[in-house]
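These notes are about the structure you will find just below.
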Amino acid sequence: MTPSHLLSRADLDFLLHDWLRVSELCERERYAEHSRETIDSVVDLSAELAEKHFAPHFRKADLTEPRLVGEDVELIPEIGEALAKFAEADLVGAAMDERVGGMQLPYTAYLACMAWFYAANISTAAYPLLTTGNANLLIEHGSDEQIERYVKPMIEGRFTGTMCLSEPQAGSNLADITTRAEPQPDGTYRLFGQKMWISGGEHQMAENIVHLVLAKVPGSPAGTRGISLFVVPKFLVTDDGTIGERNDIVITGLNHKMGFRGTVNTMPTLGQGMHTPGGRAGAIGYLVGEENTGLKKMFTMMNEARLGVGLGATAIGYTGYLKSLDYARNRPQGRQVGADPSSPQVMLTGHADVRRMLLAQKSYVEGALALGLYCARLIDDEKTGSPEESAAAKMLLDVLTPIAKSWPSQWCLKANELAVQVLGGAGYTIDYDVEQHYRDNRLNPIHEGTHGIQGQDLLGRKVMAGGGAGLAALTGRITQACDRAAEAGGSAAEMAALLRPRVTRLIEVTTALAEVGATDPEAFLADATEYLEAAGHVVIAWIWVEQVMALGARTGDEDDAFAAGKLRAAEYFLRRELPIVDAKFDLLAAGDRTTLDMRDDWF
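Under full-length UniProt numbering, the first residue of the sequence shown carries the number 1, and numbering increases by one thereafter.
Structure (structure tokens):
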């Protein structure tokens with residue numbers, strides 16, 4: 001079987017079965033209908049669908065951007081055809097409850113499936129990413145009627161979903177949104193306002209689009225405490241489930257991005273009066289839960305999307321790595337230092353600097369994929385473990401989520417940059433995929449909360465949660481791994497010895513920053529991005545130690561190419577990448593005020 005250029009199936013099998021032991025989840029009641037065989041078959045199916053129906057239009061979707069024609073958005077037909085195949089395979093609801101039509105697949109296995117689609121064509125895969133997140137939010141917070149009316153058609157592939165948060169004047173600061181929701185005597189609301197950067201906001205690929213909209217009810221508290229959440233469908237849905245009137249939400253423009261071009265990105269306007277359901281202007285919306293609890297509910301979808309963005313960034317980096325590796329193995333160029341000029345050329349992999357770039361990519365993407373699946377395993381443990389296991393998993397997942405979103409978005413983008421470099425001049429042309437992978441991946445440091453927002457979330461909330469319980473959960477888990485590695489000896493022990501002092505430093509620096517935050521909140525968060533990057537490298541180093549331990553005795557077999565490659569990638573990261581955290585910790589500990597003291601007129 002020819003190896004895929006999307007992902008490594010051998011790596012996925014190792015992570016799922018040798019390390020995370022996902023089939024053990026099938027001993028729990030929720031997943032009792034599954035086994036290793038069913039998990040592997042769904043992963044196989046996903047790989048096949050991704051190769052056959054998502055990858056072929058990867059370039060075409062980039063070159064043929066969505067067009068706004070009147071009120072309609074035109075997309076290339078291959079996108080809708082691929083999404084139909086995805087829905088026919090029951091993958092929209094693969095991890096959802098059987099009671100709503102789902103498959104109840106372990107979430108760890110589900111994310112392994114999704115990685116294939118993200119690697120094949122991230123812009124097409126973004127539609128089911130949004131739809132499943134929308135559906136999961138309604139399953140958790142919506143009414144039975146909302147689940148019946150909107151979630152089940154999404155699982156069937158007839159409806160798609162969006163999340164409508166940002167506005168032109170507010171950007172990432174949701175406290176400043178102005179979309180208003182006026183209560184009506186019949187219990188519905190009429191919404192007026194404009195949203196911005198809404199992916200999947202208009203298309204003809206589904207019978208309906210279910211928008212989840214953040215808005216403020218007149219008289220609600222100021223800031224984020226006054227935000228409510230509403231279901232606003234493109235078309236109203238009647239009591240018997242049929243499609244009714246067009247709602248008063250229309251697209252007034254498209255955003256043209258540097259990547260993800262097949263994912264239509266829209267500027268929706270609500271209540272413009274172009275459509276008047278029930279004879280009057282205003283988009284009809286249905287409250288989810290209670291008023292003024294919308295942002296908390298939206299975090300259900302946002303956190304799921306953050307893990308999805310991180311996994312998407314990983315998958316883009318991974319396929320770029322594999323494609324640059326294939327190029328380097330087959331491109332003859334130059335000779336090794338000191339070789340006879342008349343001797344045959346060597347392949348690019350014969351040059352140490354090219355091997356450096358490939359090894360760096362491997363260390364980034366395989367580390368990031370392991371982190372993403374580890375977070376998915378935490379979701380499974382939170383959902384199905386004992387009360388103690390569930391609480392511990394939730395605490396650790398909360399801390400890891402900003403890292404799992406932002407670290408791959410930064411370093412798997414770096415992998416794409418190196419992939420371009422490996423191809424040399426060819427890498428900068430549209431004749432090879434790697435330049436598009438770089439453009440696609442450059443959006444992920446902005447998606448679902450920017451790099452800076454994730455840093456503030458990690459330092460300002462997550463590690464400080466419970467009086468430092470979040471930090472203790474993370475560092476305790478890493479320290480336990482170091483202890484196990486020390487007992488195992490060999491390469492794992494050597495790596496643990498490199499990691500352990502950095503964990504100690506993370507604790508010390510976090511404690512010192514907390515003291516600063518008690519009197520100077522601005523100084524406390526001024527370098528939160530540096531903190532995020534340092535903590536992220538510590539986490540990935542830990543994940544690599546875990547992988548080396550999972551290899552066991554295979555680490556000593558140089559004829560085992562998979563294990564030898566894993567070990568070298570781990571060594572590369574621990575020896576060459578992890579030390580960069582020292583300078584970041586020094587900066588954080590010093591309390592440098594360069595950015596704080598900079599004035600606007602000095603730029």
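Note that the Cβ used here is the ideal one computed from N, Cα and C, for glycine as well.
Buried or exposed: which applies to residue 604, given that a residue is buried once 16 or more other Cβ atoms fall within 10 Å of its Cβ?
This structure cannot speak to residue 604, because the chain is shown only from 1 to 603.
In the DSSP assignment, the beta strand (DSSP E) including Pro233 goes from what residue to what residue?
Against the sequence shown, residue 233 aligns to sequence position 233. Element bounds for Pro233: 227-233.
At the level of alpha carbons, what is the spacing between Leu83 and Glu382?
Here residue 83 refers to the residue found at position 83 when the sequence shown is read from its first residue. Here residue 382 refers to the residue found at position 382 when the sequence shown is read from its first residue. When rounded, the distance between both Cα atoms is 30 Å.
Separation of Ile478 from Ser491, as counted between CA atoms
As a position in the sequence shown, residue 491 is number 491, starting the count at 1. As a position in the sequence shown, residue 478 is number 478, starting the count at 1. Their Cα atoms are separated by approximately 17 Å.
Let me know if Trp542 comes out buried or exposed under the rule of 16 or more other beta-carbons within 10 Å of its beta-carbon.
Here residue 542 is taken as the residue at index 542 of the sequence shown, counted from 1. Classification for Trp542: buried.
If we count the other Cβ atoms within 10 Å of its Cβ and call it buried at 16 or more, is Pro579 buried or exposed?
One-based indexing of the sequence shown puts residue 579 at position 579. So Pro579 ends up on the exposed side.
Through-space distance from Thr38 to Ala109, alpha-carbon basis
The sequence position of residue 109 within the sequence shown is 109, counting from 1. The sequence position of residue 38 within the sequence shown is 38, counting from 1. Those two C-alpha atoms are separated by around 10 Å.
Just to confirm my understanding: we take Asp326, look at its own chain, exclude 5 residues before and 5 after, and list those with CB closer than 7 Å. What are they?
For this step, residue 326 is matched to residue 326 along the sequence shown. Counting only Cβ-Cβ distances below 7 Å, and skipping sequence neighbours, we find His5.
N- and C-terminal bounds of the alpha helix (DSSP H) containing Met267
Residue mapping note: residue 267 aligns to position 267 of the sequence shown, counting from 1. That residue, Met267, is in no alpha helix (DSSP H); its beta strand (DSSP E) goes 265-270.
Work out the CA separation of Val151 and Thr242 for me, nearest whole Å.
Counted from its first residue, the sequence shown places residue 242 at position 242. Counted from its first residue, the sequence shown places residue 151 at position 151. The straight-line gap from Cα to Cα measures roughly 14 Å.
Own chain, CB closer than 6 Å to Gln456, minus 5 neighbours either side, in chain order:
Taking the first residue of the sequence shown as 1, we reach residue 456 at position 456. Within the same chain, Gln456 has close Cβ partners Leu525, Ala528.
Alpha carbon to alpha carbon, what distance is there between His351 and residue 616?
Look at the range of the chain in this structure, 1 to 603, and you will see that residue 616 is not part of it.
Residue range of the unbroken beta strand (DSSP E) whose run includes Thr160
Working through the sequence shown from its first residue, we reach residue 160 at position 160. Per DSSP, Thr160 belongs to the beta strand (DSSP E) from 159-164.
So is Ala563 buried or exposed if we call it buried at 16+ other beta carbons inside 10 Å?
As a working mapping, residue 563 is identified with position 563 in the sequence shown. Buried: at least 16 other Cβ atoms inside 10 Å.
Would you call Leu63 buried or exposed, if buried means 16 or more other Cβ atoms sit within 10 Å of its Cβ?
In the sequence shown, the residue the question calls residue 63 occupies position 63. By the neighbour-count rule (16 or more Cβ atoms within 10 Å), Leu63 is not buried but exposed.
Segment contact flag, the segment 264-280 with the segment 192-202, C-beta cutoff 8 Å, min 3 pairs:
As far as the Cβ criterion goes, the segment 264-280 touches the segment 192-202, which means the pair count is three or higher.
Using 7 Å as the threshold, is the C-beta distance between Leu307 and Ala465 below it?
Taking the sequence shown and counting its residues from 1, one reaches residue 307 at position 307. Taking the sequence shown and counting its residues from 1, one reaches residue 465 at position 465. Their beta carbons are not under 7 Å apart, which means Leu307 does not touch Ala465 by this criterion.
Give the list of continuous alpha helix (DSSP H) stretches no shorter than 4 residues that lie fully inside the segment 349-413.
Counting whole runs of 4 or more residues, the segment 349-413 contains the alpha helix (DSSP H) stretches 352-384.
Selected residue, minimal CA-CA separation from Ala87, among Met154, Arg36, Glu148:
Residue 87 sits at position 87 when you count from the first residue of the sequence shown. Ala87 has its Cα closest to that of Met154, out of Met154, Arg36, Glu148.
Taking Cβ to Cβ, would you say Asn444 is nearer than 7 Å to Val309?
The count along the sequence shown starts at 1 and reaches residue 444 at position 444. The count along the sequence shown starts at 1 and reaches residue 309 at position 309. For Asn444 and Val309, yes; Cβs fall inside 7 Å.
For Gly424, is the classification buried or exposed, using 16 other Cβ atoms within 10 angstroms of its Cβ as the cut-off for buried?
Residue numbering aside, residue 424 sits at position 424 when the sequence shown is read from its first letter. Taking every protein chain shown into account, the CB of Gly424 has fewer than 16 other CB atoms within 10 angstroms, so this residue is exposed.
Do you know whose CA, among Leu359, Ser143, Gly253, Met163, lies nearest Gly70's CA?
Here residue 70 corresponds to residue number 70 of the sequence shown, with the count starting at 1. Across the set Leu359, Ser143, Gly253, Met163, the C-alpha of Gly253 shows the shortest separation from the C-alpha of Gly70.
Indicate the three-state DSSP secondary structure (helix, strand or coil) for Tyr432 in the structure shown.
Indexing the sequence shown from 1 puts residue 432 at position 432. Tyr432 falls in the coil class under three-state DSSP.
Beta bridge counterpart(s) of Arg190 as assigned by DSSP:
In the sequence shown, counting from the first residue as 1, residue 190 sits at position 190. Answer by DSSP bridge pairing, in chain order: Glu182, Ile284.
Following the continuous beta strand (DSSP E) through Thr475, name the residue where it begins and the one where it ends.
Start at 1 with the first residue of the sequence shown, and residue 475 comes out as number 475. From DSSP, Thr475 is part of no beta strand (DSSP E) but of the alpha helix (DSSP H) over 465-488.
Just the C-alpha distance for residue 624 and Met301, rounded to the nearest angstrom, thanks.
As displayed, the chain neither begins before 1 nor continues past 603, which places residue 624 out of reach and without an answer.
Would DSSP call Pro168 helix, strand or coil?
By 1-based counting over the sequence shown, the position of residue 168 is 168. Looking at Pro168 - three-state DSSP - the assignment turns out to be coil, as it is neither helix nor strand.
Taking the C-alpha atoms as reference points, what is the distance between His451 and Cys412?
Within the sequence shown, the letter at position 451 stands for residue 451. Within the sequence shown, the letter at position 412 stands for residue 412. Their backbone Cα atoms lie some 14 Å apart in a straight line.
What residues match up with Arg67 in a beta bridge as DSSP calls it?
Within the sequence shown, the letter at position 67 stands for residue 67. DSSP lists Glu74 as partners of Arg67.
Beta-ladder partner(s) of Ile198, from DSSP:
The residue you call residue 198 lines up with position 198 of the sequence shown. Among the bridge pairs identified by DSSP, Ile198 is matched with Thr266.
Going by beta carbon distance, what residues of the same chain come within less than 6 Å of Thr124, once the five residues before and after it are set aside?
Locating residue 124 in the sequence shown gives position 124, counting from the first residue. Excluding the 5 residues flanking it on each side, Thr124 has same chain C-beta neighbours closer than 6 Å at Phe54, Ile79, Ala82, Gly262, in chain order.
Return the first residue and the last residue of the beta strand (DSSP E) that Arg246 is part of.
Stepping through the sequence shown from its first residue, residue 246 is reached at position 246. It spans 243-246 - the beta strand (DSSP E) in which Arg246 sits, taken as one unbroken run.
Check whether the Cβ atoms of His256 and Leu75 sit closer than 7 Å, and answer yes or no.
In the sequence shown, residue 256 corresponds to position 256, counting from 1. In the sequence shown, residue 75 corresponds to position 75, counting from 1. No, Cβ-Cβ distance for His256 and Leu75 is not below 7 Å.
Could you tell me whether the Cβ atoms of Val217 and Ser228 are closer together than 7 Å?
Residue mapping note: residue 217 aligns to position 217 of the sequence shown, counting from 1. Residue mapping note: residue 228 aligns to position 228 of the sequence shown, counting from 1. The answer is yes: Cβ separation under 7 Å.
Starting from the Cα of Met495, find the closest Cα among Ala514, Asp433, Glu546 and give me that residue.
Taking the first residue of the sequence shown as 1, we reach residue 495 at position 495. Comparing Cα positions, the closest option is Glu546.
Grab me the residues of Pro268's own chain with a C-beta within less than 6 Å of its C-beta, minus the 5 sequence neighbours each way, in chain order.
Residue 268 sits at position 268 when you count from the first residue of the sequence shown. Cβ within range, chain order: Lys195, Ile198, Gly201, Ile249, Ile251.
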